[in-house]
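Novice: Per this note's numbering, residue 117 is the first one in the sequence shown, and the count goes up by one each step. Structure incoming, see below.
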Amino acid sequence: MNNKIKEFLKELRVFWVANDVPNITDENAEFLQWIVRDIGAKNILEIGTANWYSTICFASELTDTGWHITSIEFSILSHNQAKANIIEAWVESYSTLIHGQALDIIPTLEDDCYDFVFIDGMKRRSKDFLELCWPKTKIGWTIIIDDVIKFKAKMVWLYEYLEEKWIEYEVLQIDIDDWIMRIIKK
Ligand SMILES: C[S@@+](CC[C@H](N)C(=O)[O-])C[C@H]1O[C@@H](n2cnc3c(N)ncnc32)[C@H](O)[C@@H]1O
117 MNNKIKEFLK ELRVFWVAND VPNITDENAE FLQWIVRDIG AKNILEIGTA NWYSTICFAS
177 ELTDTGWHIT SIEFSILSHN QAKANIIEAW VESYSTLIHG QALDIIPTLE DDCYDFVFID
237 GMKRRSKDFL ELCWPKTKIG WTIIIDDVIK FKAKMVWLYE YLEEKWIEYE VLQIDIDDWI
297 MRIIKK
């Protein structure tokens, strides 16, 4: 990982712990960075930017490889913080930050375009995010949904949808309580 980005992530982590921002855990960040590296992701879509922490983690794996990250956030405060942070992290030219309701924006994105999708928005809408992101994700590539055990009670529709559509998934315990879901689009 680029050392400048690494140092900046450390600063952000301190700020966010102090301000109680719900960014991904260190364990999940490390694991998702490994996936991004392993699959050779070049075009990433994130639902739920917050202050851009998770996205900078992904970006740190993608430096110098002709990549792009698109991330959607509906809180103007978070969106503005994220905009400042991408400049600080020197990844502005590789990033598209969209301010708005992801449920409205995802349908406007290009189909069959993304090879890594990270769903980390409102937990009750995880099923809707997945359904909308499905046509946007390339076949054979990866969709990750965060907090699938911690907020399982809020994700009943997601689990029902996966069963109804016969979508295969793995639930992985990478950190103590959040857990993530990995889906490879077939
Ligand atoms: C858990 S935080 C994201 C954390 C971030 N991915 C990280 O790890 O640093 C969830 C974010 O999603 C945003 N969000 C939730 N539902 C959304 C929606 N429907 N459209 C856009 N943003 C949404 C919230 O405002 C919040 O900032």
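Positions of the beta carbon are idealized from the N, C-alpha and C atoms, including for glycine. Everything numeric in this text was worked out from a predicted model, so none of it was measured.
Which residues end up in the neighbourhood of ligand 1 when you take C-beta atoms closer than 6 Å to any of its heavy atoms?
Specialist: 138, 139, 140, 164, 166, 169, 170, 188, 189, 190, 191, 194, 217, 218, 219, 236, 237, 238 and 241
Novice: Can you tell me which of the three DSSP states residue 257 falls into?
Specialist: strand
Novice: Return the first residue and the last residue of the beta strand (DSSP E) that residue 162 is part of.
Specialist: 159-163
Novice: What do you reckon, are the CB atoms on residue 252 and residue 231 nearer than 7 Å?
Specialist: no
Novice: Between residue 199 and residue 227, what straight-line distance do the alpha-carbon atoms span, to the nearest angstrom?
Specialist: 25 Å
Novice: When you compare each of 235, 271 and 275 to residue 171 by their alpha carbons, which one comes out closest?
Specialist: 235
Novice: Among all the DSSP beta bridges, which residues are the ones paired with residue 130?
Specialist: Under DSSP, no beta-bridge partner is assigned to residue 130.
Novice: What does a CB cutoff of less than 7 Å around residue 291 pick up in its chain, not counting 5 residues either side in sequence?
Specialist: Excluding five sequence positions before and after residue 291, the CB atoms of its chain that fall closer than 7 Å to its own CB belong to 141, 143 and 144, given in chain order.
Novice: Out of 287, 193 and 212, point me to the one whose CA is closest to residue 184's CA.
Specialist: 212
Novice: Taking only three categories from DSSP, how would you classify residue 207?
Specialist: coil
Novice: Quick one: give me the first and last residue of the beta strand (DSSP E) that residue 300 is part of.
Specialist: 296-300
Novice: Return the CA-CA distance between residue 233 and residue 258, expressed in angstroms with no decimal places.
Specialist: 6 Å
Novice: How is residue 292 classed by DSSP in three states: helix, strand or coil?
Specialist: coil
Novice: Bridge partners of residue 188, per DSSP?
Specialist: Looking at the DSSP assignment, residue 188 forms a beta bridge with 163 and 214.
Novice: Using the C-alpha atoms, what's the distance from residue 157 back to residue 303?
Specialist: A query on residue 303 cannot be resolved here, the shown segment of the chain reaching from 117 to 302 and no further.
Novice: Quick one: Cα of residue 264 to Cα of residue 272, how far?
Specialist: 10 Å
Novice: Taking the alpha-carbon positions, what's the residue 121 to residue 293 distance?
Specialist: 27 Å
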